[in-house]
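Chemist: Take the first sequence: its position 83, counted from the start at 1, is 138 in my numbering, and no numbers get skipped. Quick one: the structure is below, and I'll ask about it shortly.
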Amino acid sequence: MVIHHVFFLTTMTLVPGVRALFCLHRTSARALRSLVTSPSYLFSGDIPRGLCTITPDASELKPLAGPDNEPLLESLTVLGVDVKKARQRQPGVLRKVSTNEQGLANFLHGKGASPRLVGSIISRYPRAITRSGQHLERRWALWRTIFRSDNEIISILDRSPESFFRSSDNDNLGMNIVFLSSLGLNAKDLHRLLTTAPRTFSNSVELNRQMVEFLEDVSAELGGDDHRQFAKAVISRNLYILIRSTKRVKANIDFLRTSFNISDSVLLSLLQGTGAEILDLSNDYLRRNLKRLQEKVVSLGCQKADVEKLIICYPSVLFIGPDTLSSKVDCLLKGGISMAQILEKPKVLEYSTQNITQRLEELAKLGYDFERSGINVLDMSRKRFDAKLERLSRMSEE
DNA sequence: CAGACCGGGGTCTGCCATGGCC
DNA sequence: GGCCATGGCAGACCCCGGTCTG
């Protein structure tokens, strides 16, 4: 109610940073600004009294500690909440005397959530019931500046209630949208970012800014020329980067820098390209993967230098767990492919072991000669592979 | 045309720790 | 002294198709 009318504003005084965002979603910067700056009240006056669970007893004066609020528990049970789970998660919420579970349920129903989902959301993130109607309206409207429909938001809530409800700071959310837009991330990038890593938008703007500045520093240190562009590239290549700690990302970059003999410029392009995703790994995991990868490759008669070449050409190999990697390589070798061929075309490692196994079997039936025809046939979409298989079998019939 | 090269796209939470505030 | 907000962590790939080229 409070929020809806602002979307009918047609004044287009666009702030440059959010231009792309609003071009797509046909709203205005003023709308966002009003969402960002309007005061947030703890409890909205328009919630019918009956929808709040109020227990007017002595505990209202000393709400801290004490036993659960029994009427609240009943109310939650009716909503299908797993109270045991909720208590385990956030016990304090169950002792609160003033909550908005009914308002929340009505709100979510109105957005298309099923009763089952409402119960599940509260079970997994009980603090959601402390958010006021106004808070919910405003937060939803802010999310809707990025998402195209209520349904998209509902599916995120189903996935991760915490991402939506953890922060009570709507101004911060609005500032995040403005900040991320100002980096030059367009509407599509923001949509992918909020879909994939919704937590990013609950981070404090300050935390996000720190990561961006850190990435810009990395670019500067490695002799890049457009630091902002580098940060943007890393983010759009690795949508999880903003929910990692700078400590982790820094440790990984330092590790890559000291482990290999590669120039700064090569590292720079690696990090903003296919290597961006390996920054996610925990430092120990990255070390372990590299170590096991080296062991594996060396045990098959190759040099350590080959490993380095492999990683530069296909950094994602470090993302593959040691056991998965090992079984993929073994599977390829067993199918008659040489290690040299794998090192030459490491992209085949990207497909699942199951996929590889299946393709090898089908090709073996047709007597496919990898030595003569190479292994590119394994690096194809399903559709293309099937077409290829069809051609091969036609040829062998003739 | 078939093959090779190359880049893009989907996807990810649920829990614990801690500092600050009421 | 408890609750809230927020930072941080573990976990551990796969697939598709546009377009150039011979």
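Where a beta carbon is used, it is the ideal one built from N, C-alpha and C, also for glycine.
Identify, in the order they occur along the chain, each residue of the same chain with its Cβ nearer than 6 Å to the Cβ of phenylalanine 98, setting aside the five sequence neighbours on each side.
Modeler: Only weak support is given to the placement of phenylalanine 98: the predicted model assigns it a pLDDT of 34, under 50, and the value that follows is read from those uncertain coordinates. Excluding sequence neighbours, phenylalanine 98 sits near Ser187.
Chemist: Could you say which of Leu212, Asn344, Val384, Lys166 lies nearest to proline 377 if we only look at CA atoms?
Modeler: That would be Asn344, whose Cα lies nearest to the Cα of proline 377.
Chemist: Taking the alpha-carbon of phenylalanine 310 as reference, which of Lys346, Val173, Asn431, Asn338 has the nearest alpha-carbon?
Modeler: Phenylalanine 310 has its Cα closest to that of Asn338, out of Lys346, Val173, Asn431, Asn338.
Chemist: Can you tell which of Arg179, Pro122, Ala168 has the C-alpha that lies nearest to the C-alpha of glutamine 41?
Modeler: This structure leaves residue 41 out entirely; the chain is present only between 56 and 453.
Chemist: Relative to the alpha-carbon of threonine 250, which residue among Met230, Ile209, Leu163, Glu276 has its alpha-carbon at the smallest distance?
Modeler: Comparing Cα positions, the closest option is Ile209.
Chemist: Tell me the rounded alpha-carbon separation between serine 393 and leucine 325.
Modeler: About 26 Å.
Chemist: Under 7 Å: does the beta carbon of serine 274 sit that close to some heavy atom of the ligand MG?
Modeler: Looking for the ligand MG in the displayed structure turns up nothing, as the structure carries no ligands at all.
Chemist: Between which residues of its own chain and aspartate 390 is the CB-CB distance below 6 Å, once the five residues before and five after are set aside?
Modeler: Inspection of the sequence shows that residue 390 is occupied by glycine rather than by aspartate. Correct list, in chain order: Leu415.
Chemist: Find out if the Cβ-Cβ distance for the pair alanine 141, leucine 131 is shorter than 8 Å.
Modeler: Contact: yes.
Chemist: Just the C-alpha distance for lysine 383 and glutamate 405, rounded to the nearest angstrom, thanks.
Modeler: Lysine 383 and glutamate 405: Cα-Cα distance of roughly 9 Å.
Chemist: If distances are taken between C-alpha atoms only, which option among Gln143, Val304, Leu128, Ala306 comes closest to valine 152?
Modeler: Answer by Cα proximity: Leu128.
Chemist: How long is the line joining the alpha carbons of lysine 305 and glutamine 409, rounded to whole angstroms?
Modeler: If I take the Cα positions, the gap works out to 35 Å.
Chemist: Rounded to the nearest angstrom, what separates arginine 299 and glutamine 265 at their Cα positions?
Modeler: Spanning the two alpha carbons is a distance of roughly 11 Å.
Chemist: The alpha helix (DSSP H) spanning arginine 449 covers which residue range?
Modeler: Segment 437 to 452, the alpha helix (DSSP H) holding arginine 449.
Chemist: Indicate the three-state DSSP secondary structure (helix, strand or coil) for threonine 255 in the structure shown.
Modeler: Correct three-state label for threonine 255: helix.
Chemist: Within the continuous alpha helix (DSSP H) that includes tyrosine 340, where are the two ends?
Modeler: Start and end: 338 to 354.
Chemist: Does proline 122 pass the burial test, meaning 16 or more other C-beta atoms within 10 Å, or should it be called exposed?
Modeler: With fewer than 16 Cβ atoms within 10 Å of its Cβ, proline 122 is classed as exposed.
Chemist: Looking only at its chain, what residues have a beta carbon closer than 7 Å to the beta carbon of leucine 79, apart from the 5 residues adjacent to it on each side?
Modeler: Residue confidence for leucine 79 is low, a pLDDT of 38 falling below 50, so the modelled location carries little weight and cannot support an answer.
Chemist: Between which two residues does the alpha helix (DSSP H) containing serine 307 stretch?
Modeler: Sequence inspection shows asparagine at residue 307; the serine mentioned does not correspond to that position. From DSSP, the alpha helix (DSSP H) with asparagine 307 extends over 301 to 314.
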